[in-house]
Structures are given as C-alpha cells and as structure tokens.
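Numbering (the working numbering), first residue to last: 31 to 221.
Quick notes on the structure that follows.
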C-alpha cells in the first residue's frame with residue numbers, strides 16, 4: 031500500500047498518508063470558490079435588476095411630468111384660440127406686453143435637456159413634443175408681429191388649431207400609452 035502512495039509523500043503527515051485531511055481541504059476550497067461565485071452572481075443580478083428598476087422609474091417619472099406639462103400647454107393654446115376673437119389686441123398691442131401674457135410652460139421640457147434619461151424616452155414622443163413647441167412658437171411669433179387682427183393672424187390661429195389637434199390625436203396618446211407600459215413594467219418588477 032505504501033508503494034501506491036509513494037509519489038504523494040508530500041501529502042502525508044508524519045510519514046502516514048492523510049487523505050482525509052487533504053480531501054476535506056479540497057472540499058472546503060471548492061465550496062468556498064462555489065460560494066463566492068454564487069454570491070457574486072446573485073449580487074450582480076440584484077445590481078442589474080436595481081439599475082433596470084431605477085432607469086424605468088426615472089423615465090416613468092420624466093414622462094409623467096412631461097405629460098402634465100404637455101396637457102397644460104395644449105389646454106393653454108386652446109384657451110388662447112377660444113379667447114382670441116374677444117380680445118385680439120392682447121396679441122397685437124405692444125403696450126399690453128403680449129409675449130409675457132402668452133407664454134407656454136416649458137420647465138420640464140427645458141429640464142429634460144440635462145437629464146441622462148431623456149433619450150430613453152420613445153423618439154416619436156420627443157419629436158412630437160419638440161415639433162409642438164417649435165410650431166406653436168412660430169405661429170405665436172407671426173401673431174405678435176401683426177399690428178391688428180388681419181388675415182395672417184387668422185391663418186396663424188388656424189395653424190395653431192391644427193397643431194393642437196395633431197398633438198391631441200397623435201402625440202398625447204403615444205405618450206400616455208408609453209406611461210402605461212412603463213407603469214406595467216414597474217408593477218412587474220416590484221411583485
């Protein structure tokens with residue numbers, strides 16, 4: 031029997047083979063490596079899930095804020111369009127400071143420039159909202175440039191109605207469906 035263990039003399043203790051000791055050490059080493067691997071894998075998985083949840087939550091909150099601001103601005107433009115026939119000079123008289131009276135709220139939209147999550151929003155939503163703001167601003171500039179309620183002002187008003195109708199029919203439902211989708215994802219992540 032000694033001849034069989036001769037090459038493994040370095041494993042012996044006091045010249046006697048001690049395979050139980052070395053087998054135990056190998057098992058401890060293997061279980062330690064396996065435990066570290068499983069713990070690191072579980073930690074990595076938790077970190078990825080947390081990052082996904084954080085990202086989805088940030089985009090959800092960003093879109094909810096954008097939706098509230100966008101709806102307010104659509105309603106504001108609709109009010110301007112409805113009120114124009116009763117007081118066109120509030121748009122055309124320079125002494126009434128029309129630009130200050132007719133201003134869209136754009137705090138959320140401007141803040142989105144500095145958010146790292148902005149480009150996680152559906153590009154169709156960002157493009158639609160951007161076009162709404164720029165098109166309404168262009169029509170407002172035309173309105174402010176007129177001295178009275180002339181044909182150009184009325185045409186700009188009609189354009190504003192089309193822009194608002196398009197925003198309500200196309201962009202707003204897309205934004206709301208995206209918010210609903212993210213809400214569902216967040217609900218799945220927290221269950």
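We treat Cβ as the ideally placed atom computed from N, Cα and C, and that holds for glycine.
Just so we're clear, the structure is a prediction, and the values are computed from it rather than from any experiment.
What's the call for residue i, buried or exposed, on a 16-neighbour Cβ count within 10 Å?
{"i": "residue 96", "result": "buried"}
{"i": "residue 162", "result": "buried"}
{"i": "residue 100", "result": "buried"}
{"i": "residue 55", "result": "exposed"}
{"i": "residue 177", "result": "exposed"}
{"i": "residue 173", "result": "buried"}
{"i": "residue 137", "result": "exposed"}
{"i": "residue 126", "result": "exposed"}
{"i": "residue 175", "result": "exposed"}
{"i": "residue 197", "result": "buried"}
{"i": "residue 53", "result": "exposed"}
{"i": "residue 169", "result": "buried"}
Note down, in chain order, each residue of its chain lying with its Cβ closer than 7 Å to the Cβ of residue i, except the 5 sequence neighbours on either side.
{"i": "residue 151", "result": "89, 92 and 93"}
{"i": "residue 201", "result": "155, 158, 159 and 162"}
{"i": "residue 166", "result": "107, 134, 190 and 193"}
{"i": "residue 206", "result": "97"}
{"i": "residue 208", "result": "93, 152 and 155"}
{"i": "residue 109", "result": "none"}
Report all residues from its chain with a CB closer than 8 Å to the CB of residue i; omit the five preceding and five following residues, and keep chain order.
{"i": "residue 219", "result": "79, 82, 83 and 86"}
{"i": "residue 204", "result": "152, 154, 155 and 158"}
{"i": "residue 135", "result": "99, 102, 103 and 106"}
Would you mind reading off the limits of the alpha helix (DSSP H) that contains residue i?
{"i": "residue 59", "result": "49–113"}
{"i": "residue 210", "result": "202–220"}
{"i": "residue 233", "result": "There is no way to answer for residue 233, as the model of the chain reaches only from 31 to 221."}
{"i": "residue 138", "result": "137–141"}
Ignoring anything shorter than 4 residues, give me the alpha helix (DSSP H) runs that lie fully in the region 171–197, in order along the chain. 181–196
For the region 114–122 and the region 181–193, state whether three or more C-beta atom pairs, one from each stretch, are separated by less than 8 Å. yes
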